[in-house]
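In this note's numbering, the protein residues as written are 2 to 79.
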């Protein structure tokens, strides 16, 4: 699942081609399952001038409970 209104940008080689779709005048919240990959993406976005942050705990997995969006019971779109 994902957070309502989220834009999926696959992580890895070539992901920078999607960055142009992101608004430069708004804060960008990046997330993954646990937050580790999102942190790397945030670093790249900040180097490009974006106001980017990582969602603390990511989406959440059973392994990182109670952290993460879904572990806290917030809405997830499937």
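Each residue gets a CB set at the ideal place from its N, CA and C atoms; glycine is no exception. Just so you know, these numbers come straight off a predicted model, no measurement behind them.
Endpoints, the beta strand (DSSP E) within which residue i is located
{"i": "residue 8", "result": "Taken as a continuous stretch (DSSP letters only), residue 8 belongs to no beta strand (DSSP E), as it is neither H nor E."}
{"i": "residue 71", "result": "From DSSP, residue 71 is part of no beta strand (DSSP E); its letter is neither H nor E."}
{"i": "residue 31", "result": "29-31"}
For residue i, the three-state DSSP class (helix, strand or coil)
{"i": "residue 43", "result": "helix"}
{"i": "residue 14", "result": "coil"}
Length of the line joining the Cα atoms of residue i and residue j
{"i": "residue 19", "j": "residue 66", "result": "31 Å"}
{"i": "residue 43", "j": "residue 50", "result": "11 Å"}
{"i": "residue 56", "j": "residue 38", "result": "11 Å"}
{"i": "residue 78", "j": "residue 48", "result": "30 Å"}
{"i": "residue 74", "j": "residue 34", "result": "15 Å"}
{"i": "residue 16", "j": "residue 2", "result": "20 Å"}
Contact under 8 Å by Cβ, residue i with residue j
{"i": "residue 40", "j": "residue 58", "result": "no"}
{"i": "residue 4", "j": "residue 70", "result": "yes"}
{"i": "residue 22", "j": "residue 8", "result": "yes"}
Check: residue i C-beta below 7 Å from any heavy atom of the ligand MG
{"i": "residue 14", "result": "Of the ligands one can find in the structure shown there are none, so the ligand MG has no counterpart to examine."}
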